[in-house]
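What follows is a set of notes on a single structure, which appears directly below.
In our numbering, the protein residues as written are 1 to 104.
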């Protein structure tokens, strides 16, 4: 709808947001919309608005992913305790956890 109203920035921004936060395969629908935007507004305008949208979407996404998914250290607190019990030697396993064996 933003494309039909000639609002190029919102069209690119919400299209990119839909791909990142929603469903990645909606990019298939956005290909003809992008081709129409390039035809109507030119390649430079589309690339400029795409780069601005990229930074607006990427900065919060990367910061949230870094905060929630990157570990603060390579070992969890439980693994650190076990490593300290073994004087830092040998494999770091919690012997109380039962791991089922998968037979192929």
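Note that beta-carbon positions come from the ideal geometry of N, C-alpha and C, so glycine has one too.
Under a 10 Å Cβ-count criterion, residue 25 is classified as exposed, with fewer than 16 other Cβ atoms of the shown protein chains found around its own Cβ. Residue 8 and residue 46 do touch by the CB rule: their CB atoms are close to 7 Å apart, below 8 Å. If the five residues before and after residue 27 are omitted, its C-beta is found closer than 6 Å to the C-beta atoms of 19, all from its own chain and listed in chain order. Excluding its 5 nearest sequence neighbours in each direction, residue 38 has C-beta neighbours in its own chain below 7 Å: 46, listed in chain order.
In this structure, the CA atom of residue 31 is about 32 Å from the CA atom of residue 68.
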